[in-house]
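J.: Take any residue in the sequence shown, count from 1 to its spot, add 17: that is its number in our numbering. No residue lacks a Cβ here, since even glycine has one placed at the ideal position from N, Cα and C. After the structure tokens below, expect a handful of questions from me.
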Amino acid sequence: MTKKKVSGQTIAIIVLAIILMATVAFGGVYAYYSTSTNKVSGKIVMATLSIDYKYDDPDTPEVEGVKGDSGESQILITNVTEVVPNEILENTPLIVTNGSTAPIYLVVFYSVIAENRLTHVPVVDVKTDGKKVIDVGADKPGSEWADYVFMSDKSGSINIMRCLVTIIPQNKSEITVIGSNGLKLHKDMNNDYQNCDICFTFHAYAIGSNGFQFSDTTTNAEKCEQIVSAIYEAYEYKITI
């Protein structure tokens, strides 16, 4: 048998062919891993939350309330003398105008300052008093409101606030917090309030409702805790009332 010699030119051709094959293979893999889709762009429009108090007394200039995220107001009461617990107060309605572009939960923090009319010394801290002081119909069957006591130590000290919370998302242009003649002192008020002047203050905040995922088993108390906690965090734990 005769052995054929492989010339140097042949070897060079073989080496070049191997290099070419390797280049094609690598190039195919590289092209596969570097493929991309066409660029797609889009945008979202954030909702605007806007609330304010509507002052409904026709004989009084509209000076109460602050434009923007929240407003502070004192409700107008006409029968102000010799009032007893469970007596309906002749009050103007407390209404929040809602200019939000998305559904909201509304939280109305309130304070009740009871001061002895002779000594002018506050006699009851209604935030820590276990009994309710006002009755606006919250917590009753069919009510959209819950009366809630919120406690937090996120600010560095324990902060206790009372509030009315909507447990159903709101998208109405006007949200009635307290209806006309819908406010009364709670029937469970005790004797500590005798001979006292009582002042009510309300401060409203709103938060988008779509950010919460409540189920059918979520209790009203759990809803209130999550809603108020989110608002408290959004305002850097500086809400006071």
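For the beta strand (DSSP E) that contains Y222, what are its first and last residues?
T.: For the purposes of this step, residue 222 is identified with residue 205 of the sequence shown, where counting begins at 1. Where Y222 is concerned, the enclosing beta strand (DSSP E) stretches over C213 to G225.
J.: Measure the CB-CB distance between I224 and Y122 and report whether it falls below 8 Å.
T.: Residue mapping note: residue 224 aligns to position 207 of the sequence shown, counting from 1. Residue mapping note: residue 122 aligns to position 105 of the sequence shown, counting from 1. A contact, by the Cβ cut-off of 8 Å.
J.: State buried or exposed for E79, treating a residue as buried only when at least 16 other CB atoms are found within 10 Å of its CB.
T.: Here residue 79 refers to the residue found at position 62 of the sequence shown. Because E79 sits at a pLDDT of 41, beneath the cut-off of 50, its placement in the model cannot be relied upon, and the following sentence gives the value as read from the coordinates. When all chains shown are included, E79 counts as exposed.
J.: Helix, strand or coil, according to DSSP, for N208 in the structure here?
T.: Locating residue 208 in the sequence shown gives position 191, where the first residue counts as 1. Helix, per DSSP.
J.: Give me the DSSP bridge partner(s) of R179.
T.: Residue numbering aside, residue 179 sits at position 162 when the sequence shown is read from its first letter. Y127 and V166.
J.: State the CB to CB distance for the pair T183 and T118, rounded to an integer number of angstroms; the pair is presumed to be in contact (CB under 8 Å).
T.: Residue 183 sits at position 166 when you count from the first residue of the sequence shown. Residue 118 sits at position 101 when you count from the first residue of the sequence shown. So it is not a contact: roughly 17 Å between Cβ atoms.
J.: Could you give the DSSP three-state label for E250: helix, strand or coil?
T.: Taking the sequence shown and counting its residues from 1, the one referred to as residue 250 is at position 233. Note: E250 maps to helix in three-state DSSP.
J.: Kindly indicate which residue of G228, C241, I94 and S174 has the alpha-carbon position closest to the one of E104.
T.: For the purposes of this step, residue 104 is taken as the residue at position 87 of the sequence shown. The shortest Cα separation from E104 among G228, C241, I94 and S174 belongs to I94.
J.: Taking its Cβ as the centre, do 16 or more other Cβ atoms sit within 10 Å of T98, making it buried, or is it exposed?
T.: Within the sequence shown, the letter at position 81 stands for residue 98. Its Cβ having fewer than 16 others within 10 Å, T98 is exposed.
J.: Quick one: measure Cβ to Cβ for A221 and I112, integer angstroms, because I've assumed they're closer than 8 Å.
T.: Sequence index remark: in the sequence shown, residue 221 carries index 204 (1-based). Sequence index remark: in the sequence shown, residue 112 carries index 95 (1-based). About 10 Å; that fails the 8 Å criterion.
J.: Can you find the residues in the same chain that come closer than 8 Å, C-beta to C-beta, to E191, ignoring five residues on each side of it along the sequence?
T.: On the sequence shown, residue 191 is found 174 positions in, with the first residue counted as 1. The residues are K71, I112, V113, T114 and N115.
J.: Following the continuous beta strand (DSSP E) through T234, name the residue where it begins and the one where it ends.
T.: As a first step, residue 234 must be located in the sequence shown, where it is residue number 217. No beta strand (DSSP E) contains T234, which DSSP labels as neither H nor E.
J.: Starting from I195, follow the beta strand (DSSP E) in both directions and report where the run begins and ends.
T.: Working through the sequence shown from its first residue, we reach residue 195 at position 178. I195 -> beta strand (DSSP E) spans E191 to I195.
J.: Within 10 angstroms of the Cβ of P75, are there 16 or more other Cβ atoms? Answer buried if so, exposed if not.
T.: Mapped onto the sequence shown, residue 75 falls at position 58. Confidence at P75 is low in this model, with a pLDDT of 48, below 50, so the placement of that residue should be treated as unreliable; the coordinate-derived value is given next. Exposed, by the Cβ-count rule.
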